[in-house]
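Participant: Just so we're aligned, residue 197 is where the sequence shown starts under this note's numbering, counting upward by one. The C-beta atom is built at its ideal place from N, Cα and C for all residues, glycine as well. The model shown is predicted, which means the values in this text are computed figures rather than measured ones. I have a structure I would like to understand better, so I am pasting it below and will then ask my questions one at a time.
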Amino acid sequence: MNEHTLSKRLERVAAQVPAGARLADIGSDHGYLPVALLRRGVIVAAVAGEVALTPFNAATRTVRENGLETQITVRLANGLAAIEPGDGITAISVCGMGGETIRDILDRGKAYLSGQERLILQPNGAEPPLRQWLMDNGYRILFEDVLRENRFDYEVIVAERTGPVRYSAEELYFGPLQMQARSPAFLLKWQRKLRQKQKTLAQLARAQQGVPEQTLQDIEQQTRWISRLLA
Ligand SMILES: C[S@@+](CC[C@H](N)C(=O)[O-])C[C@H]1O[C@@H](n2cnc3c(N)ncnc32)[C@H](O)[C@@H]1O
């Protein structure tokens, strides 16, 4: 992967960035996403935020090598603190981190959100707590995608702040739109998950003691939901 050829995962993210956007890519690592989008003429400006020095330096190098210093600002900052009011950001991408990490970045960075930005999130697992945060903060999920690459299932979640929105526990677990669309990639993901959960339950049954009752109940509940979804 590089700024010319994105991974399948980042291509799916790129497809959700509106034309003409001013993008803040938080946790940008090498800066491949904003650089690729600028090279393609999809976005007009970007901020690449990084909390760690090595990826910050890598992103700075990618931007420089592509001669995009005037359009892309690389900032060493924690989460949404990379965004400054004058940036006029219209879309924020946070990709390639756990769902809880993305949720925490959004929650700690609320002061940097105008509420007008499109959020394009690509969690690596732990999607339900992220969807819960979106619901609790008045963000409606407008698009969801699931894809498989290198033996991992990835999700893309696009949301915008619209005001109060209600999702059921199952919608938060599976994704409200994915539950409706039932794409082949989505069904395959949950077939695999069901086998994993059943295996875990069998292992826990053999362990017999030391397993918190709540953990057991949660996995049983999830197994019932998945079985019903696939039935
Ligand atoms: C696995 S990489 C993903 C890179 C890229 N977004 C992608 O999807 O391919 C995660 C990056 O997020 C950065 N990161 C983690 N927490 C962060 C935070 N709170 N603020 C900014 N960057 C963060 C890490 O330093 C790392 O470079």
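Please check the pair A255 and G227, which I expect to be a contact at CB under 8 Å, by giving their CB distance rounded to whole angstroms.
Facilitator: Mapped onto the sequence shown, residue 255 falls at position 59. Mapped onto the sequence shown, residue 227 falls at position 31. 3 Å between Cβ atoms; contact.
Participant: To the nearest angstrom, report how far apart M293 and G263 are at their CA atoms.
Facilitator: Stepping through the sequence shown from its first residue, residue 293 is reached at position 97. Stepping through the sequence shown from its first residue, residue 263 is reached at position 67. The alpha-carbon atoms of M293 and G263 are separated by roughly 28 Å.
Participant: Any idea if P380 is buried or exposed, counting beta-carbon neighbours within 10 angstroms, 16 or more meaning buried?
Facilitator: Locating residue 380 in the sequence shown gives position 184, counting from the first residue. P380 is exposed by the Cβ-count criterion.
Participant: Quick check on DSSP: helix, strand or coil for V238?
Facilitator: Against the sequence shown, residue 238 aligns to sequence position 42. Coil.
Participant: Do the stretch 279 to 288 and the stretch 213 to 232 make contact, defined as three or more Cβ pairs closer than 8 Å?
Facilitator: These segments touch.
Participant: Pair every Cβ in the stretch 369 to 376 with every Cβ in the stretch 406 to 414, then say whether three or more of these pairs are closer than 8 Å.
Facilitator: Result no; under three Cβ-Cβ pairs closer than 8 Å.
Participant: So, for V407: in the same chain, excluding its five sequence neighbours on each side, which residues have a beta-carbon less than 6 Å away from its beta-carbon?
Facilitator: The residue given as residue 407 occupies position 211 in the sequence shown. Cβ neighbours of V407 beyond the five flanking positions: L400.
Participant: Could you check where the alpha helix (DSSP H) with T396 kicks off and where it finishes?
Facilitator: Within the sequence shown, the letter at position 200 stands for residue 396. Element bounds for T396: P380 to A403.
Participant: Please give me, in chain order, every unbroken run of the alpha helix (DSSP H) with length at least 4 that falls completely inside the stretch 284 to 337.
Facilitator: The stretch 284 to 337 contains these whole alpha helix (DSSP H) runs: 295 to 304 and 323 to 332.
Participant: Can you check which of these residues, P230, T419 and R271, is closest to R388 by C-alpha distance?
Facilitator: Residue numbering aside, residue 388 sits at position 192 when the sequence shown is read from its first letter. Minimum Cα distance to R388 is reached at T419.
Participant: Should T201 go down as buried or exposed, given a rule of 16 or more other Cβ atoms within 10 Å for buried?
Facilitator: For the purposes of this step, residue 201 is identified with residue 5 of the sequence shown, where counting begins at 1. Classification of T201: exposed, given that the 10 Å Cβ count is below 16.
Participant: Is Q212 near ligand 1, judged by its Cβ being under 7 Å from some heavy atom?
Facilitator: The residue labelled residue 212 in the question sits at position 16 within the sequence shown. No, Cβ of Q212 sits at least 7 Å from all heavy atoms of ligand 1.
Participant: Thinking just about the alpha-carbon of each residue, which of E323, E366, S364 and L317 is nearest to the one in Q212?
Facilitator: Taking the sequence shown and counting its residues from 1, the one referred to as residue 212 is at position 16. Out of E323, E366, S364 and L317, L317 has the C-alpha closest to the C-alpha of Q212.
Participant: Can you tell me where the alpha helix (DSSP H) holding D414 begins and where it ends?
Facilitator: Along the sequence shown, read from residue 1 onward, the residue named residue 414 stands at position 218. E409 to L426 is the span of the alpha helix (DSSP H), which, as asked, contains D414.
Participant: Within a Cβ cutoff of 6 Å, which residues of the same chain sit near E345, ignoring the five residues on either side of it in sequence?
Facilitator: As a working mapping, residue 345 is identified with position 149 in the sequence shown. Within the same chain, E345 has close Cβ partners K204 and R205.
Participant: As a quick exercise: from G321, V209, S310 and G282, pick the residue whose alpha carbon is nearest that of R299.
Facilitator: On the sequence shown, residue 299 is found 103 positions in, with the first residue counted as 1. Residue G321 is the option with its Cα nearest to R299.
Participant: Is G245 helix, strand or coil when you go by DSSP?
Facilitator: Translated into positions along the sequence shown, residue 245 becomes position 49. Note: G245 maps to strand in three-state DSSP.
Participant: Does ligand 1 have a heavy atom nearer than 7 Å to the CB of M331?
Facilitator: Position 135 of the sequence shown, counting from 1, holds the residue named residue 331. Not under cutoff, so the answer is no.
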